[in-house]
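Beneath this line is the structure, given in structure tokens, with notes to follow.
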């Protein structure tokens, strides 16, 4: 057999996340309400300081625990999809997802920038933009990412 190589230099990743799993993770020991210490721990492990700041600004607009868990499950799925598609080994905090007028924008931070991202302003971040799509249906958030192979 003789097959032609795929003609475009990108990789595709996808992930699905249970919203109720994130809600349970955030509410342990808090009688189905979000436990602030658990939320803070989760945010610091998975998100950049810029994403945490954006989340904290947006938090008053969420309609409750489920809405918060739904948002975070979508972001988690998007980051996992990007990790799966990335040609280099990256981690959750090497990725920044921020809102824009056209939906969330995601970037894989350059290695040096990733190490210093907590000290840089948003406009000082450098990296490779990637395309993402996040969808929610009942108890699930699903995300797809298209990542260039040449970063």
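Numbering (the numbering used here), first residue to last: 1280 to 1430. Every residue, glycine too, gets a C-beta built ideally from N, C-alpha and C. Predicted model only: the values in this text are computed from it and were never measured.
For residue j and residue i, the rounded distance between their alpha carbons
| i | j | result |
| --- | --- | --- |
| residue 1354 | residue 1413 | 8 Å |
| residue 1416 | residue 1295 | 11 Å |
| residue 1418 | residue 1298 | 5 Å |
| residue 1335 | residue 1347 | 11 Å |
| residue 1324 | residue 1315 | 14 Å |
| residue 1322 | residue 1282 | 45 Å |
| residue 1385 | residue 1401 | 13 Å |
| residue 1320 | residue 1380 | 29 Å |
| residue 1349 | residue 1284 | 38 Å |
Neighbourhood of residue i by C-beta distance below 8 Å, restricted to the same chain and skipping five residues each side
| i | result |
| --- | --- |
| residue 1312 | 1306, 1344 |
| residue 1360 | 1292, 1293, 1294, 1411, 1422, 1423, 1424 |
Residue i, DSSP secondary structure in three states
| i | result |
| --- | --- |
| residue 1405 | coil |
| residue 1410 | strand |
| residue 1427 | strand |
| residue 1399 | coil |
| residue 1289 | strand |
| residue 1342 | coil |
| residue 1294 | strand |
Other residues of its chain near residue i: CB distance less than 6 Å, five sequence neighbours each side excluded
| i | result |
| --- | --- |
| residue 1352 | 1296, 1298, 1301, 1420 |
| residue 1341 | 1347 |
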